[in-house]
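S.K.:
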Amino acid sequence: MSEATAPADPAPAARPAESAPLQLLRVSADEAARLDGAALGGLAWGAAATPSAPGLVARLLAPAAPVVDLFSAGAPDSGRFGPVHWRDDGHWLYGWLDLPDAVADLTDASWQAYRDLFEVLDARGRPPLVKVWNFLPRINDDGGGLERYRQFNVGRFRAFSEAGFDAFEGAPAACALGPHEGTLAIRFLASRGAVRPLDNPRQVAPYRYSQRFGPRSPNFSRAALADAGDGRLAFFVSGTASIVGERSVHEGDVRAQLAETLRNLDALCEQARAHGAAAVSPADLDCVVYLRHPEDLAVVKAAFEAAVGPDSVAARGAVYVEADVCRRELLVEIEGHALLAGALRR
Numbered sequence: 337m338s339e340a341t342a343p344a345d346p347a348p349a350a351r352p353a354e355s356a357p358l359q360l361l362r363v364s365a366d367e368a369a370r371l372d373g374a375a376l377g378g379l380a381w382g383a384a385a386t387p388s389a390p391g392l393v394a395r396l397l398a399p400a401a402p403v404v405d406l407f408s409a410g411a412p413d414s415g416r417f418g419p420v421h422w423r424d425d426g427h428w429l430y431g432w433l434d435l436p437d438a439v440a441d442l443t444d445a446s447w448q449a450y451r452d453l454f455e456v457l458d459a460r461g462r463p464p465l466v467k468v469w470n471f472l473p474r475i476n477d478d479g480g481g482l483e484r485y486r487q488f489n490v491g492r493f494r495a496f497s498e499a500g501f502d503a504f505e506g507a508p509a510a511c512a513l514g515p516h517e518g519t520l521a522i523r524f525l526a527s528r529g530a531v532r533p534l535d536n537p538r539q540v541a542p543y544r545y546s547q548r549f550g551p552r553s554p555n556f557s558r559a560a561l562a563d564a565g566d567g568r569l570a571f572f573v574s575g576t577a578s579i580v581g582e583r584s585v586h587e588g589d590v591r592a593q594l595a596e597t598l599r600n601l602d603a604l605c606e607q608a609r610a611h612g613a614a615a616v617s618p619a620d621l622d623c624v625v626y627l628r629h630p631e632d633l634a635v636v637k638a639a640f641e642a643a644v645g646p647d648s649v650a651a652r653g654a655v656y657v658e659a660d661v662c663r664r665e666l667l668v669e670i671e672g673h674a675l676l677a678g679a680l681r682r
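So in my numbering, the last spot in the sequence shown is 682, and the numbers never skip.
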């Protein structure tokens with residue numbers, strides 16, 4: 337792999353015919369280290385960082401051993417632009433950045449982070465974003481009269497608009513969580529193939545929220561499907577919580593919030609099937625379950641496993657992480673991904 341201080345090759349070719357199809361792997365830290373040279377990147381849960389999957393400062397609650405969600409395809413090229421590191425196999429592009437978080441207001445910091453991210457995408461041929469993971473320490477704190485998550489949304493929206501990327505119907509899947517320490521950390525996956533953002537008919541699209549949730553709506557879609565090669569689709573589910581319409585429901589009841597979240601996951605799986613996935617349910621997802629209160633782990637884990645089936649992919653492989661959710665009243669959020677048989681339908 338090559339390494340550069342700025343994006344190389346402003347217009348890379350589409351994925352060569354011999355490139356390997358995408359793999360989404362949930363592996364141990366040792367396995368991630370072994371596979372790192374051929375990986376695009378990933379998310380490290382617990383003390384499991386590798387060069388392509390730098391650690392996230394969010395407390396891993398379960399399982400006991402560190403886990404890495406590793407994304408792998410063809411042999412990647414690599415580079416760096418400012419704070420953004422990237423790996424690119426000609427079809428898929430994965431990137432990551434971690435910024436100091438010494439400022440009280442996240443508006444400018446998030447705008448700068450996304451501006452740098454879009455500079456990389458522009459230089460690599462402008463592949464559409466599929467999924468973005470955002471980690472904002474103290475996400476629910478107020479600063480200058482506006483909650484930090486809402487500050488983040490203002491800066492993110494400005495960057496999308498200035499870069500000419502669609503902040504509405506074409507917005508990527510995404511999540512935004514609040515670890516209790518660390519820096520502003522962003523991870524992203526883009527694809528030069530067909531991508532279909534999905535929304536949930538049970539919920540208002542986030543980019544259509546009313547101004548009661550801040551001066552700028554959070555510009556993301558509820559999920560996304562992307563062509564993964566070999567007659568498969570990559571299904572990425574955004575952070576999903578107990579929201580109906582645009583309203584949080586079941587305040588103070590973590591069991592009821594989990595049940596509502598699972599209903600929303602069911603609805604997103606139905607959308608995936610409607611757009612080309614042969615079959616998928618929440619039980620098929622590699623999930624990350626974020627808990628505001630770690631003492632809820634036993635209750636949520638038992639209820640989640642009972643709902644999806646104790647022997648399902650979701651139950652056996654779920655990762656549970658302590659993190660605040662984008663709304664103070666929300667106690668649990670689930671995101672996930674899966675590779676599915678199917679072909680994308682518009």
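Even glycine gets a Cβ: it sits at the ideal position worked out from N, Cα and C. Being a predicted model, the structure only gives us computed values, none of them experimental.
1. With burial defined as no fewer than 16 other Cβ atoms inside 10 Å of the residue's Cβ, what is the status of Pro473: buried or exposed?
2. Between the region 544-551 and the region 583-596, do three or more beta carbon pairs fall short of 8 Å?
3. Whose CA, out of Ala639, Arg628 and Gly678, lies closest to the CA of Glu669?
4. Please go through the same chain and pick out, in chain order, the residues whose beta-carbon is closer than 6 Å to the beta-carbon of Ala499, but skip the five residues on each side of it.
5. Can you give me the C-alpha to C-alpha distance between Met337 and Leu457, rounded to a whole angstrom?
6. Using 8 Å as the threshold, is the region 440-452 in touch with the region 534-541, meaning 3 or more CB pairs across them?
7. Identify the continuous alpha helix (DSSP H) that holds Arg494 and give its terminal residues.
8. Roughly how many whole angstroms lie between the Cα atoms of Arg652 and Pro646?
9. Is it the case that the region 405-415 contacts the region 368-376, given that we only count it when at least three CB pairs across the two stretches are under 8 Å?
10. Output the residue ranges of the alpha helix (DSSP H) runs that lie fully inside the region 346-407 and measure 4 residues or longer, sorted by chain position.
11. Would Pro463 be called buried (16 or more neighbouring beta carbons within 10 Å of its own) or exposed?
12. Please identify the residue among Arg494, Trp422 and Ala570 whose C-alpha is closest to the C-alpha of Arg460.
13. When burial is assigned at 16 or more other CB atoms within 10 Å of the CB, is Ala677 buried or exposed?
14. Just to confirm, is the Cβ distance from Leu513 to Ala559 under 8 Å?
15. Measuring CB atoms only, is the region 470-487 touching the region 424-431, in the sense that at least three cross pairs come out at less than 8 Å?
16. Express the C-alpha separation of Ala679 and Gly612 in angstroms, rounding to a whole number.
17. Going by C-alpha distance, which of Ala643, Ala577 and Ala638 is nearest Asp660?
18. Taking the alpha-carbon of Gly491 as reference, which of Pro554, Gly377, Gly410 and Ala642 has the nearest alpha-carbon?
19. Leu360 and Leu379: beta carbons closer than 8 Å?
20. Please go through the region 441-465 and give each complete beta strand (DSSP E) segment of 3 or more residues, from N-terminal end onward.
21. Compute the beta-carbon to beta-carbon distance between Leu666 and Val649, rounded to the nearest angstrom, for a pair I have assumed lies under 8 Å.
22. Whose CA, out of Phe571, Gly550 and Ala564, lies closest to the CA of Glu582?
23. Label Ala368 either buried or exposed according to how many other C-beta atoms from any shown protein chain fall within 10 Å of its C-beta, with 16 as the threshold for buried.
24. Can you tell me where the alpha helix (DSSP H) with Asp602 in it begins and where it stops?
25. How far does the beta strand (DSSP E) with Phe572 in it extend, from its first residue to its last?
26. Quick test of your reading: Pro357 and Asp566, contact by CB under 8 Å. State the CB separation rounded to the nearest angstrom.
27. Grab the span of the alpha helix (DSSP H) containing Glu641 for me, first residue to last.
28. Quick one: is Arg682 buried, meaning 16 or more other Cβ sit within 10 Å of its Cβ, or exposed?
29. When DSSP labels each residue in this structure, what does Ala613 get in the three-state scheme?
30. Out of Phe572, Phe556 and Leu396, state which residue places its alpha-carbon closest to the alpha-carbon of Asp563.
31. How is Asp620 classed by DSSP in three states: helix, strand or coil?
32. Under 8 Å: do the region 511-526 and the region 393-402 share three or more Cβ pairs, one atom per stretch?
33. Compute the Euclidean distance between the alpha carbons of Ala398 and Val636, then round it to the nearest angstrom.
M.R.: By the coordinates alone:
1. buried
2. The region 544-551, when compared against the region 583-596, does not touch it at the 8 Å Cβ threshold.
3. Arg628
4. Phe454
5. Low confidence applies here, because Met337 scores a pLDDT of 36, under 50, leaving its location unreliable and the question unanswered by this model.
6. Because the criterion of three Cβ pairs below 8 Å is not met, the region 440-452 and the region 534-541 do not touch.
7. Arg484 to Ala499
8. 7 Å
9. Yes, since at least three Cβ pairs between the region 368-376 and the region 405-415 fall closer than 8 Å, the two stretches touch.
10. If we require 4 residues or more, the alpha helix (DSSP H) runs fully inside the region 346-407 come out as 365-371.
11. Pro463 should be labelled buried.
12. Trp422
13. exposed
14. no
15. no
16. 5 Å
17. Closest by alpha carbon: Ala577.
18. Pro554
19. Cβ distance not < 8 Å, so Leu360 and Leu379 don't count as in contact.
20. none
21. The Cβ separation is near 25 Å, so there is no contact.
22. Gly550
23. Counting Cβ neighbours within 10 Å, Ala368 comes out buried, since at least 16 surround it.
24. Val590 to Ala610
25. Arg568 to Thr576
26. That pair is a contact at about 4 Å.
27. Leu633 to Val644
28. exposed
29. strand
30. Phe572
31. helix
32. yes
33. 12 Å
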